[in-house]
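Below is one structure, written out as structure tokens; comments come after it.
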Amino acid sequence: MKSASAADYLHQTSLLRLLAVLALVLSAHVPTLPSWEVILLGAGLGWRALASLRQWPLPRPWLRSVIVLLVFAGVFASYGRINGQQPGTALLVAMAVMKVLEMRSRRDVMVTVFLMYFILLTHFLHSQEMWTAIYLLVCAVTITALLVDVNHPGQALPLRRSVEIGGRMVALSVPLALVFFVLFPRIPGPLWGLPVDAGGGGASRSGMSSEMAPGDISEMILSERTAFRVSFLDTVPPPRQRYWRGPVLDQFDGRAWKGSAMSQGIRKPEARLESSAISYQVIMEPHRGPWLFALDLPDPGLLPPKTFIASEYQMMRGGNVNETLLYKLRSHTRYVLQAELPPMVRRVNLGLPKGFNPQAAELARQLREQHGEPEAIVQAVLQKFRKEKFVYTLRPPRLGRDSVDDFLFRTQRGFCEHYSSSFTYLMRAAGIPARVVTGYQGGEQNLLGDYYTVRDADAHAWSEVWYEGRGWVRIDPTSAVAPNRIERGISEALGADEGLPDFLDRSGGASLRIRLQAQWDWLDSQWNRWVLGYGPELQQEFLQRFGIRDWSGMILALTVIATTLLSVIGLLLLRQFAPARNEDLAVRLWHRAQRRLLKAGIAQRPTEGVRDFAERVSLEHPEFASTVQRAADAYLKLRYLEGESPALQAELTQAVKAIRA
Amino acid sequence: MRVWLIFKILLHPIRWVQERIDTWVLARVKRQPGPIGVPRNRVYIVPTRFGYFFAFMALIMLLGSMNYSNSMGFVLTFLLASLGLVCMHHTHGNLVNVQLRAGKTQPVFAGEIAHFEILVDNPAASERYSFALSWPKATQPPVTADVPPQGSAAMRIATPAERRGWLRSRVFSLSTDFPLGLFHAWTWADLDMVCLVYPRPAAAGRQPPPVAGAIGQRPSNASGQDEFAGLRNYHRGDSMKSVHWKSLPKSPSMPMVKQFTELLDQELWLDWNSIPELDTEGRLSQLTRWVLDAEGQRHAYGLRLPGLVIPPNRGEIHQHECLRALALFQY
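Note that the protein sequences, when read in sequence, are chains A and B. In terms of the numbering used here, the first sequence opens at residue 1 and continues consecutively. In terms of the numbering used here, the second sequence opens at residue 662 and continues consecutively.
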């Protein structure tokens, strides 16, 4: 490391400001970093501030190397690896603080500033909510102010002044950045593939998973997370038809339902879609799973890019949904799905684990003997749910090894996963191909916008059974127990003593909160729609309104608008730095006379008064004698003898004009 | 030499091109008495090392944002790119429309550092920050200053004075990296400034040889002390020590100076011909040393050079006159 020269030396005030800005940039990462690292970072920053104030020596290189090695070891211990997004971020923030520990000169500050920009960027991989935009602006202004400070040698600028300059620069950049944002051609990512933990939050996913055990969905109900938002383009289906199909689970291990290997196949099942389609647009929040949710069966001809229909007619994506997605679909609620059931599919959808739930198997056998026809068996089971004392509750009792038996014959209290699971079990035991479908049901209309919000709280599980000739038909056993769940939504179906989370409470006194919640949701949806969802598809759609159809059009428009905007900014700045106009007309006119004489190589010396100058000119340059003398007389009269008068001003103007080089 | 040039072109093509451009531009800077205005077409601007690094970083961030389809990442990337472009205009604007004037220079002795004072005027209503003044390819850190709105800053640029005579200033650059250090804007100017360089004084020790009509010829007073001889009017250059402070309140506009007989009587002639064993520069150095010594001891002294005689006197003006004659002496 080169030692810093005197001019390169960083002022203490600037250093303390740098530490404050770095703390601001790091603060957003605190929730995602391991706690030992947060303490280390805080200690590092605090120590550096004290070292600067108390003139302590900076740590020796070997000590810094040891700390770096310890940080690597710590990150490896916390994450099990040192590559990937999360450990990478943890290392990056540690490196920024290490850089500060060895910092003396301005050069080091520039490096730290660049690290800060990257740290800011990594934060957006975790969170892109609306507040991050404000956070981004605040960070941009403070970092810019810091750069301004660093590029002012010697004494640090007053804090207000540097923040003012930084703020002004960022304010001038924002319109330009918006133009780039809208017009810079977007290409569908990813370019080189995402790390395994892309999207942050570690391995934790939100929303649906490919497995359903008792208690999974009732846990999701407690989450306020928005799953997606839907705007219907023409007809709005009634609530009881709003089933958003997600993962289809066709394998039961006695406790949990899973998707079999077959269900992941990319062969689209044969389906006959009947008329009366519903068109709608979905803004999907990232949920780190491969599923896209659609109303019943979407038209396979109008799928979003990189999307396919899997073998159980689930809409899937090539990769996980790690960013906000916007797509348009056309769905059919009347259809015949797999009128012919391939033998392999039949076998999977009749499979049951051996040695579990003997009572349920016995019940199924009896029903089959009594009713015979599949339709009748289905009705009998639904009737059983309706007639007996089954309760729909968020807090069901624990179930034992034979979970279906326990539920059907003992506890009789359960949530949708219990009903769909036991129903599907009974169907399979009775020889009817059946499977569990998870997804969402319902959705709440926003009071402000013309759209519906579907939350994790709307998560639901139901069944599909296969009838000869009719294909797969949806049966929702929950509706037999709690019809309100389907008609009015989750908050109506559960009693007040169920411990519903606050946001689902629709009882009196909550109306203001509901209103605020709706407003916030509306804002959030606009943010998602226009900012986060602004990808290649939306860009194309949006720019087509302005007649920009392809890349070349975008680049042309971008160049023209950005250049124009930049020229305007340049002109504004040139005006700011143009010579200030002198208030006195006489002075302005005299300056003009000076400029005219300068062309002839005659300059008024700084120490020379107007009268002396005129006399010198008369002697040295007789050709200017009369005109300069006249102008000088008029100027002196106007400025010192007689004061302002239009006649004199006109005279001076004339006299100045008469000076010709 | 030619081989070396080819190597240079191959190894550092950019540096070579830059040198060629600089040479071309520097040869075309007009020497002017000033004031020199800095219009838009005289401001040059290029990205700094950090500027290139900043652009590279923005590119990496753009690729990252594309890969993750991260909208806020795009916002940050585009904001930084715009900030860079806006910074370019700021840096350029910071330098446009300043005015350069020549300030005062103080004579120095050869071997010392000469300082040229350059006055930077800011005619605009907003402050300009972080100007740096330096000679081309200077290794020492530049002089820096801020210029207040409609004010001016005096910046002194140093250069070693190696030889006696007139030292002409060279082309210099006024530059700025403000506000973000991503761009470097500069202008070349050649203000017509000169600095007088006195000869390098010889080492102390050698006494001036007695010359006819000088010290020792006339018997001095017994005490050997200066004897007060009367008052005369103050002339510029008289030593502060000789001012007659008591009479000052009576006539503040016309201070009186004490005169001493001994100094008036004992005239010291510093003669070119008295040191024939030295060469021209050696003689000039020795004479310079004697002038300084005599002035320090408050003797009256005269200077005899081939073709020039300065009658005995003393005081700052006289000293300057003598040293100037020595500095500009042509044999």
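All C-beta atoms, glycine included, are put in the ideal place defined by N, C-alpha and C.
- When the five nearest sequence neighbours on each side are left out, the beta carbons in the same chain lying within less than 7 angstroms of the beta carbon of A:Ala364 are those of Leu426, Ala429 and Ala430, in order along the chain.
- Excluding five sequence positions before and after A:Gln519, the CB atoms of its chain that fall closer than 7 angstroms to its own CB belong to Leu448, given in chain order.
- Bounds of the beta strand (DSSP E) holding A:Trp462 are Ala459 to Tyr467.
- Contact annotation: A:Gly167 and A:Thr144 have beta-carbon atoms nearer than 9 angstroms.
- Scanning chain A for C-beta atoms nearer than 8 angstroms to the C-beta of B:Tyr705 yields nothing, as the closest lies near 16 angstroms away.
- A:Asn83 does not reach chain B, its nearest Cβ partner there being about 15 angstroms away, counting only Cβ pairs nearer than 8 angstroms.
- As for any beta strand (DSSP E) of minimum length 3 sitting wholly inside the stretch 90-144 of chain A, there is none.
- Here B:Ala806 carries a strand assignment [DSSP, helix/strand/coil].
- For A:Ser173, the chain B residues whose Cβ falls inside 7 angstroms of its Cβ are Leu740, Ser743, Leu744 and Val747, in order along the chain.
- Two segments are said to touch when three or more pairs of C-beta atoms, one from each, lie closer than 8 angstroms; by this definition the stretch 756-769 of chain B does not touch the stretch 122-130 of chain A.
- For B:Leu964, no chain A residue has a Cβ inside 9 angstroms of its Cβ, as the nearest lies near 31 angstroms away.
- When CB distances to chain A are screened at a threshold of 9 angstroms, the residues of the stretch 720-733 of chain B falling below it are Ile721, Met722, Leu723, Leu724, Gly725, Ser726, Met727, Asn728, Tyr729, Ser730, Asn731, Ser732 and Met733, in chain order.
- With a 10 Å radius around the Cβ and a threshold of 16 neighbouring Cβ atoms, A:Gln604 comes out buried.
- Contact of B:Tyr859 with chain A is not assigned, every C-beta pair being separated by 9 angstroms or more.
- Across the stretch 99-130 of chain A, CB contacts with chain B closer than 7 angstroms involve Met110, Phe114, Tyr117, Leu120, Leu121, Phe124, Leu125 and Gln128, in sequence order along the chain.
- Residue pairing by DSSP places A:Met316 opposite A:Trp291 and A:Phe308 in a beta bridge.
- At least 9 angstroms separates the CB of B:Asp851 from every CB of chain A.
- Within chain B, the C-beta atoms nearer than 7 angstroms to that of A:Leu574 come from Gly754 and Val757, in chain order.
- Of the residues B:Ala863, B:Trp933 and B:Pro803, the one whose Cα lies closest to the Cα of B:Leu964 is B:Trp933.
- Residue state for A:Tyr451 is assigned as coil, using DSSP reduced to three classes.
- Within the stretch 318-344 of chain A, those residues whose Cβ lies closer than 8 angstroms to any Cβ of chain B are, in chain order, Asn322, Glu323 and Thr324.
- B:Met718 belongs to the set of residues whose beta carbon lies under 9 angstroms from a beta carbon in chain A.
- Under the DSSP assignment, B:Phe711 falls outside any beta strand (DSSP E), being part of the alpha helix (DSSP H) whose first and last residues are Arg710 to Tyr729.
- The residue from A:Gln314, A:Ala647 and A:Leu558 with its alpha-carbon nearest to that of A:Ala586 is A:Ala647.
- Residue state for A:Asn357 is assigned as coil, using DSSP reduced to three classes.
- Around the C-beta of A:Trp590, 16 or more other C-beta atoms lie within 10 Å, and the residue is accordingly described as buried.
- Under the 9 angstroms criterion on CB atoms, B:Ser791 is classed as interfacial with respect to chain A.
- Counting other Cβ atoms within 10 Å of its Cβ, A:Thr235 stays below 16 and is therefore classed as exposed.
- Here B:Leu756 is near B:Ser836, since their CB atoms are less than 9 angstroms apart.
- Scanning its chain for C-beta atoms nearer than 6 angstroms, with the 5 sequence neighbours on each side dropped, one finds around A:Met220 the residues Asp456 and Ala459, in chain order.
- The DSSP assignment places 833-837, 844-852 and 855-859 as complete runs of the beta strand (DSSP E) inside the stretch 829-866 of chain B, in order along the chain (cut-off: 3 residues).
- Neighbours of A:Tyr534 in chain B, taken as residues at a C-beta separation under 8 angstroms, are given in chain order as Ser732.
- Taking the Cα positions, A:Ala23 is about 17 angstroms away from A:Ile134.
- Shortest Cα-Cα distance from A:Glu468 to any of A:Glu375, A:Gly442 and A:Val381 involves A:Glu375.
- In the DSSP assignment, B:Asp932 forms a beta bridge with B:Arg965.
- An exposed status is given to A:Gln366, since fewer than 16 other beta-carbon atoms sit within 10 Å of its beta-carbon.
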